[in-house]
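Input: a single structure, listed below in structure tokens.
Residue numbers (our numbering): 6 to 256.
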């Protein structure tokens, strides 16, 4: 819906500009004693190129920030989960084993079940949250026989599980993030306009013109493809991977 409205607005603006130019040429035609001027066309072509460069830069910064935030989120979640696994040493044997089993099960679920879903931008469901709740339940101290050290450790475990919870929420949000359709429209339309102006206004020498158009079109295509790859925070090429989790847990 947003993309459609944007395209409609762009089309209306272009139509108004075309009508204005047509009216100007009909009402104020160029006299025979006036020489045709190309500086207006060169100025428009320059402005289109500059604005398109700004759109490219904005898109690159946006997708790069999303990828970087996704990697940081996975690292924070794995680190907090690993700390919970290590803190289990302070608890009785049965509870320690239950905590470690729950932590390992949660890590395996993230790597083997949730990661393919994040790559496809599909909802993760509630299974991961249920496993995290089981880990929180396993780390809860019951009864009044716990030592002071276990109570202090329990507070630290609670803090680490809170970090896991926050990181998980951020990871779920990052998996659904993508570049705005309006920016995608700007990338495509701006690239077409930039190349069109290179064909219509420019260099007289054919060889030089061809080389410059080929270089510019290749660079634009490469940049758009790079943005497309970076737009997948958990993709195969530049996206975050589950290495932080597999490094800590044998899943």
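Glycine included, every Cβ here is placed at the ideal spot set by N, Cα and C.
Quick check on residue 184: does DSSP put it in helix, strand or coil? One-based indexing of the chain shown puts residue 184 at position 179. Coil at residue 184, not helix or strand.
Run through DSSP, which three-state label would residue 227 get? Counting from 1 along the chain shown, the entry for residue 227 is found at position 222. In the structure shown, residue 227 sits in a helix (DSSP, three-state: H, G or I).
Work out the CA separation of residue 71 and residue 61 for me, nearest whole Å. Locating residue 61 in the chain shown gives position 56, where the first residue counts as 1. Locating residue 71 in the chain shown gives position 66, where the first residue counts as 1. About 16 angstroms.
Nearest-angstrom beta carbon gap, residue 161 and residue 92 [assumed within contact, 8 angstroms]: Working through the chain shown from its first residue, we reach residue 92 at position 87. Working through the chain shown from its first residue, we reach residue 161 at position 156. Sure, about 6 angstroms apart at Cβ, within 8 angstroms.
Taking the alpha-carbon positions, what's the residue 185 to residue 248 distance? Here residue 185 corresponds to residue number 180 of the chain shown, with the count starting at 1. Here residue 248 corresponds to residue number 243 of the chain shown, with the count starting at 1. When the Cα atoms are used, residue 185 and residue 248 turn out to be separated by approximately 29 angstroms.
Mapping DSSP to helix, strand and coil, what is residue 146? The count along the chain shown starts at 1 and reaches residue 146 at position 141. It is coil, neither helix nor strand.
Does the Cβ of residue 48 have 16 or more other Cβ atoms within 10 Å, making it buried, or fewer, making it exposed? As a working mapping, residue 48 is identified with position 43 in the chain shown. So residue 48 ends up on the exposed side.
Does the segment 136-143 come within contact of the segment 107-114, defined as at least 3 CB pairs closer than 8 angstroms? yes
Is it buried or exposed for residue 88, if we count other Cβ within 10 angstroms and need 16 for buried? Residue numbering aside, residue 88 sits at position 83 when the chain shown is read from its first letter. Per the 10 Å Cβ criterion, buried.
Assign residue 40 to one of two classes, buried (16 or more other C-beta atoms within 10 Å of its C-beta) or exposed (fewer than that). For this step, residue 40 is matched to residue 35 along the chain shown. With a pLDDT of 49 at residue 40, under the threshold of 50, the predicted position of this residue should be treated as unreliable, though the coordinate-derived value follows. By the 16-neighbour rule on beta-carbons within 10 angstroms, residue 40 is exposed.
Exposed or buried, which one is residue 236 when buried takes at least 16 other CB atoms within 10 Å? Residue numbering aside, residue 236 sits at position 231 when the chain shown is read from its first letter. The residue in question, residue 236, is buried, as its Cβ has 16 or more Cβ neighbours within 10 Å.
Beta-carbon separation (whole angstroms), residue 242 vs residue 116, contact threshold 8 angstroms: As a working mapping, residue 242 is identified with position 237 in the chain shown. As a working mapping, residue 116 is identified with position 111 in the chain shown. In fact, because the Cβ distance is near 19 angstroms, the residues do not count as touching under 8 angstroms.
Spatially closest choice to residue 126 from 52, 182, 153, by CA coordinates: As a working mapping, residue 126 is identified with position 121 in the chain shown. It is 182.
With a Cβ-Cβ cutoff of 7 angstroms, do residue 57 and residue 195 count as a contact? The residue given as residue 57 occupies position 52 in the chain shown. The residue given as residue 195 occupies position 190 in the chain shown. Going by C-beta atoms, residue 57 is nearer than 7 angstroms to residue 195.
For residue 246, tell me which candidate among 66, 122, 159 has the shortest Cα-Cα distance. Position 241 of the chain shown holds residue 246. Distance check between residue 246 and each of 66, 122, 159 places 122 closest, using alpha-carbon atoms only.
Three-state secondary structure (DSSP) of residue 126: Numbered from its first residue, the chain shown carries residue 126 at position 121. If DSSP states are grouped into helix, strand and coil, residue 126 belongs with coil.
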